[in-house]
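**Q** In numbering that gives the first Met the number 0, the protein residues as written are 0 to 304. Once you've had a glance at the structure underneath, I'll fire off some questions.
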Amino acid sequence: MDLHQLRCFVAAAEELHFGKAAQRLQMLPSALGRHIKLLEEDLATQLFARTTRAVSLTEQGTALLRDARAILSRVETVEQSFRRRARAATVRRLRVGAIDSAAAGLLPPLLHDFRARHPEIGVQLSEEKTIRLLPKILSGALDLAFVRPPERTDKRLEFRPLLDETAVVALPQRHALAARKFISLGEIADQPLIVPDRRSRPHSHDLTMKLFEQAGLTPEVAQLADEKQTIVHLVAARLKVAIVPRWTSRLAISGVRFVPLKLKRGSSVGRLPLAAAWLRGSRDPARDAMLSILEARLPTYARGA
């Protein structure tokens, strides 16, 4: 007894007509009859009662139909499972890392456009600090990352400058300055500030310090914090204020208002650079496909920065 014999039997049992069953299986009636005869011989029992006018199941045939359907259903489930695994194994994957503000601002529209153009490529996203993302590119754990370009770049890495994120002031919603359209540095010079730790976020830390330095002011640093989520939550708790990238305003945290900074005309200090980074000399069609979309759509993506 084999699976093909069972399929022939089930088709004939359901149609109760060898010609229709053979047509359903796209085979000759004589071949179907031969397979059923071999099955009857293997089982040493008659499965069909045949007359010149009709075909019907015997008692043994009725019993086998129930078991044959269960067997074929189980076989089909196993086959489908292995086909899915085979398809999953052939799906290309792109492992992308991003700093928090890029994950909140740049990545959503970029991933939307990328999936529309390349649905066959799966994207695995990791959100980390720059100092953790760059080693993952070098180790092969990431194919592409959106980071703050370091002061000293590793020659093993390729960097493509993308855009500069605008800095804004995060204030408690009921703060006296929260209703303003713009805020000058002088107006928050005496406010307790939350500043990122320079060891983990050198760009964000230096941004705040250089802004005040350029304005001839000394900030009142009250607390260090690493994560943007933590910083904004502390602001929401009415503890302090912070200078953060504009894309941070997309974090779903209530009780905070983000107000643009009023800087000197032509000043470039209040900007945070964002770059794409990957392993120099490596070939990756999926990564290059994402970079191609990014290059074409970058002016649109940059509007919210």
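By construction, the Cβ of each residue, glycine as well, lies at the ideal position given by its N, Cα and C atoms. Quick caveat: nothing in here was measured; it's all calculated off a predicted structure.
Can you give, in chain order, each stretch of the alpha helix (DSSP H) that sits fully within the segment 177 to 202 and has at least 4 residues?
**A** Runs of the alpha helix (DSSP H) inside the segment 177 to 202: 184 to 187.
**Q** On a CA-only basis, which of E39, L38, V54 and D41 is nearest F17? Give me that one, please.
**A** Start at 1 with the first residue of the sequence shown, and residue 17 comes out as number 18. Looking at the Cα atoms, V54 is the closest of the given residues.
**Q** What is the DSSP secondary structure of Q222, reduced to helix, strand or coil?
**A** Taking the first residue of the sequence shown as 1, we reach residue 222 at position 223. Strand at Q222.
**Q** Could you give the DSSP three-state label for G280: helix, strand or coil?
**A** Here residue 280 is taken as the residue at index 281 of the sequence shown, counted from 1. If DSSP states are grouped into helix, strand and coil, G280 belongs with coil.
**Q** For the segment 55 to 119, list the alpha helix (DSSP H) runs that are entirely contained and at least 4 residues long, ordered along the chain.
**A** Qualifying alpha helix (DSSP H) stretches, in chain order: 58 to 89, 99 to 103 and 106 to 116.
**Q** Is the distance from the Cβ of A140 to the Cβ of R94 below 8 Å?
**A** To locate residue 140, count along the sequence shown from 1; it is residue 141. To locate residue 94, count along the sequence shown from 1; it is residue 95. Yes, the pair counts as a contact, with Cβ atoms nearer than the cut-off.
**Q** Can you tell which of L192, P134 and M26 has the C-alpha that lies nearest to the C-alpha of A276?
**A** By one-based count along the sequence shown, residue 276 stands at place 277. The option with the nearest alpha carbon to A276 is P134.
**Q** For the putative contact between L192 and T207, defined by C-beta atoms under 8 Å, what is the C-beta separation to the nearest angstrom?
**A** By 1-based counting over the sequence shown, the position of residue 192 is 193. By 1-based counting over the sequence shown, the position of residue 207 is 208. The Cβ separation is near 7 Å, so the contact holds.
**Q** For G121, write down the residues that DSSP places opposite it in a beta bridge.
**A** Here residue 121 refers to the residue found at position 122 of the sequence shown. R92, per the DSSP bridge assignment.
**Q** On the DSSP bridge assignment, give the partners of F47 in chain order.
**A** Position 48 of the sequence shown, counted from the start, is the residue given in the question as residue 47. Paired residue(s): L56.
**Q** By DSSP's criteria, L2 is part of a beta bridge. Which residues make up the other side?
**A** The count along the sequence shown starts at 1 and reaches residue 2 at position 3. Note: L2 sits in no beta bridge, so no partner.
**Q** Could you tell me the distance, in whole angstroms, from the CA atom of P259 to the CA atom of I182?
**A** As a working note, residue 259 is residue 260 in the sequence shown. As a working note, residue 182 is residue 183 in the sequence shown. Straight-line Cα distance between these residues: approximately 6 Å.
**Q** So, under 8 Å CB-CB, Q172 and V240 are touching, yes? Tell me the CB distance rounded to an integer number of Å.
**A** Taking the first residue of the sequence shown as position 1, residue 172 is located at position 173. Taking the first residue of the sequence shown as position 1, residue 240 is located at position 241. That pair is no contact at about 12 Å.
**Q** List the residues that DSSP assigns as beta-bridge partners of V167.
**A** Indexing the sequence shown from 1 puts residue 167 at position 168. V243 and P259.
**Q** Pull the bridge partners of F145 from the DSSP assignment, please.
**A** In the sequence shown, counting from the first residue as 1, residue 145 sits at position 146. For F145, which the question treats as bridged, DSSP gives the partners A97 and A275.
**Q** Assess contact between the segment 148 to 157 and the segment 209 to 222, defined as three or more Cβ pairs (one per stretch) separated by less than 8 Å. Is contact present?
**A** No: the two stretches stay apart, fewer than three of their Cβ pairs being nearer than 8 Å.
**Q** V220 to L156, Cα distance in whole Å?
**A** Counting from 1 along the sequence shown, the entry for residue 220 is found at position 221. Counting from 1 along the sequence shown, the entry for residue 156 is found at position 157. Their backbone Cα atoms lie some 34 Å apart in a straight line.
**Q** Would you say the beta carbon of A285 comes nearer than 7 Å to a heavy atom of the ligand COA?
**A** What this structure holds is no ligand at all, so the ligand COA is not there to describe.
**Q** In chain order, what residues of the same chain have a beta carbon less than 7 Å from the beta carbon of R256, not counting five sequence neighbours either side?
**A** The residue you call residue 256 lines up with position 257 of the sequence shown. The residues are L170, Q172 and A177.
**Q** Taking the alpha helix (DSSP H) that H232 belongs to, which residues open and close that run?
**A** Taking the sequence shown and counting its residues from 1, one reaches residue 232 at position 233. Unbroken alpha helix (DSSP H) run through H232: K227 to A235.
**Q** Mind the definition here: the segment 116 to 134 touches the segment 55 to 74 only if three or more C-beta pairs lie below 8 Å; say whether that holds.
**A** Result no; under three Cβ-Cβ pairs closer than 8 Å.
**Q** Can you give the beta carbon distance from L250 to K227, rounded, assuming they're within the 8 Å contact cut?
**A** Taking the sequence shown and counting its residues from 1, the one referred to as residue 250 is at position 251. Taking the sequence shown and counting its residues from 1, the one referred to as residue 227 is at position 228. 7 Å between Cβ atoms; contact.
**Q** Measure the CB-CB distance between L24 and L15 and report whether it falls below 8 Å.
**A** Reading the sequence shown from its first residue, position 25 is the one you call residue 24. Reading the sequence shown from its first residue, position 16 is the one you call residue 15. Cβ atoms of L24 and L15: not closer than 8 Å.
**Q** Among all the DSSP beta bridges, which residues are the ones paired with E157?
**A** Looking up residue 157 in the sequence shown gives position 158. For E157, which the question treats as bridged, DSSP gives the partners W277.
**Q** Under 8 Å Cβ to Cβ from R296, same chain only, skipping five residues before and after it: list those, please.
**A** Against the sequence shown, residue 296 aligns to sequence position 297. If we look at R296 and ignore the five residues flanking it on each side, its Cβ neighbours are P108, L109 and D112.
**Q** Three-state secondary structure (DSSP) at A132?
**A** By 1-based counting over the sequence shown, the position of residue 132 is 133. In the sequence as presented, Ala is not what sits at residue 132; that position holds Leu. Reduced to three states, the DSSP call for L132 is helix.
**Q** Identify, in the order they occur along the chain, each residue of the same chain with its Cβ nearer than 8 Å to the Cβ of L56, setting aside the five sequence neighbours on each side.
**A** Walking along the sequence shown from the start, residue 56 turns up at place 57. Cβ neighbours of L56 beyond the five flanking positions: A12, L15, L46, F47, A48 and L64.
**Q** Identify, in the order they occur along the chain, each residue of the same chain with its Cβ nearer than 6 Å to the Cβ of G254, setting aside the five sequence neighbours on each side.
**A** Along the sequence shown, one-based indexing puts residue 254 at 255. Q172 and A235.
**Q** H204: which of I242, R68 and F81 sits nearest, CA to CA?
**A** Position 205 of the sequence shown holds residue 204. Taking only the C-alpha atoms, the option nearest H204 is I242.
**Q** Start and end of the alpha helix (DSSP H) containing E150?
**A** Taking the first residue of the sequence shown as 1, we reach residue 150 at position 151. That residue, E150, is in no alpha helix (DSSP H); it is neither H nor E in DSSP.
**Q** Give the DSSP bridge partners of R270, in chain order.
**A** Numbered from 1 along the sequence shown, position 271 holds the residue referred to as residue 270. DSSP output for R270 lists T165 as bridge partner(s).
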